[in-house]
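Chains as they are written, first to last, in our numbering: chain A, 1 to 151; chain B, 1001 to 1151.
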């Protein structure tokens, strides 16, 4: 895997931003780990089951989801020049909603079910999902620039 | 105080909705309490200090803030016909952000500081603050109807 080679020419790629978000979070020691190792917890086959038997969700999972949408927000911001902020609303029952706000625009919205299973079948699927969210958000910001610039 | 007499003729009033939100929440027994008693925890002079000495915030405070913005959302929805959803993002350090989303529009946004002090000097101030948020949100929805209708 070469995440640094992904993304569009001259653009911030989602996966590069995602790796960066993980590496700059101060919760872990990432030194000496490859990008693939950093991303592994988001890839289903590479990780241990995160859901506890009582149905509660490992806080670790919330943190990963935050990092993922933080990367979506940062990439969207880099591509549009509009400050973007993720907002997550998680319920311990395992569902939630995540949005990325650009000014007064909800650039990205996603309902999450089975939060404890948040992850992707492969790194490629992860990249595709992230890029898809960023692309949809970019289109919406370009469609409603006045709302995205509104504070 | 006569909260039921507040609000605009023929419109859902914020304070009536707020009292309703408190009364229909299943966390308390509200039977036999007046509307003023129901609202008292949001009025600073009527309540005990909610902040713990270690700086953490009483979960009770989060719940009250949720009820307040739930009432803002329900009133906005009643006045515009657009489904509105509050989203709160609280940090235990005592600050947070609350938004009310109408479709892809951030109809209401508010940064909260000193969350443990969330409250109003009087019931009148509470009503004014709520109505002001609802009015601003209504104006924005009318200004950007396409965004508010966007799913």
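The beta carbon of each residue, even a glycine, is placed where N, CA and C say it ideally should be.
From a predicted model like this one, the values you see are computed outputs, not experimental measurements.
- Closest in alpha carbon position to residue 1144 of chain B, among B/1086, B/1114, B/1093 and B/1080, is B/1080.
- Using a Cβ-Cβ cut-off of 9 Å, residue 1060 of chain B does not count as an interface residue toward chain A, since no Cβ of chain A sits closer than that to its own.
- Out of B/1117, B/1110 and B/1120, the CA that lies nearest to the CA of residue 151 of chain A is found in B/1110.
- Contact check for residue 17 of chain A and residue 75 of chain A: beta-carbon distance about 5 Å, within the 8 Å limit, so the pair qualifies.
- Rounded to whole angstroms, residue 1020 of chain B and residue 96 of chain A show a C-alpha spacing of 25 Å.
- When 9 Å is used as the limit between beta carbons, residue 90 of chain A is near no residue of chain B, the shortest such separation being about 10 Å.
- Against chain B, a Cβ distance below 8 Å from residue 69 of chain A picks out nothing, because the smallest value is about 12 Å.
- Between the C-alpha atoms of residue 101 of chain A and residue 1099 of chain B there is a straight-line separation of about 10 Å.
- One alpha carbon belongs to residue 148 of chain A, the other to residue 58 of chain A, and they sit about 34 Å apart.
- In the three-state DSSP reduction, residue 85 of chain A falls in the strand class (E or B).
- About 7 Å separates the beta carbons of residue 86 of chain A and residue 72 of chain A, which is inside the 8 Å limit, making them a contact pair.
- Taking 9 Å as the cut-off, the Cβ atoms of residue 42 of chain A and residue 126 of chain A count as close.
- Distance from the CA of residue 1091 of chain B to the CA of residue 1035 of chain B, rounded to the nearest whole angstrom, comes to 30 Å.
- By the criterion of a C-beta distance shorter than 6 Å, residue 78 of chain A is surrounded in its chain by 12, once the five residues flanking it on both sides are discounted.
- Any Cβ of chain A closer than 9 Å to the Cβ of residue 1130 of chain B would place that residue at the interface, and such an atom is absent.
- Proximity of chain A to residue 1144 of chain B at the Cβ level (cut-off 7 Å) is accounted for by 147, in chain order.
- Each residue's CA atom was taken as its position, placing residue 1088 of chain B and residue 1069 of chain B some 9 Å apart.
- Shown here, residue 1120 of chain B sits in a strand according to DSSP, grouped into three states.
- For residue 80 of chain A, no beta strand (DSSP E) run applies; the uninterrupted alpha helix (DSSP H) run containing it begins and ends at 59-80, by DSSP.
- DSSP places residue 1100 of chain B inside the beta strand (DSSP E), whose first and last residues are 1096-1102.
- The closest CA to that of residue 1141 of chain B, considering only B/1029, B/1015, B/1104 and B/1061, is found on B/1104.
- Close CB contacts of residue 130 of chain A within its chain, under the 8 Å cut and outside five residues either way in sequence, are with 14, 15, 18, 68, 71, 72 and 75 (chain order).
- For the stretch 93-104 of chain A, the set of positions with a beta-carbon nearer than 8 Å to some beta-carbon of chain B reads 97, 99, 101, 103 and 104 in chain order.
- Remark: C-beta atoms of residue 122 of chain A and residue 63 of chain A do not approach each other more closely than 9 Å.
- About 6 Å separates the Cβ atoms of residue 61 of chain A and residue 118 of chain A, confirming a contact at the 8 Å cut-off.
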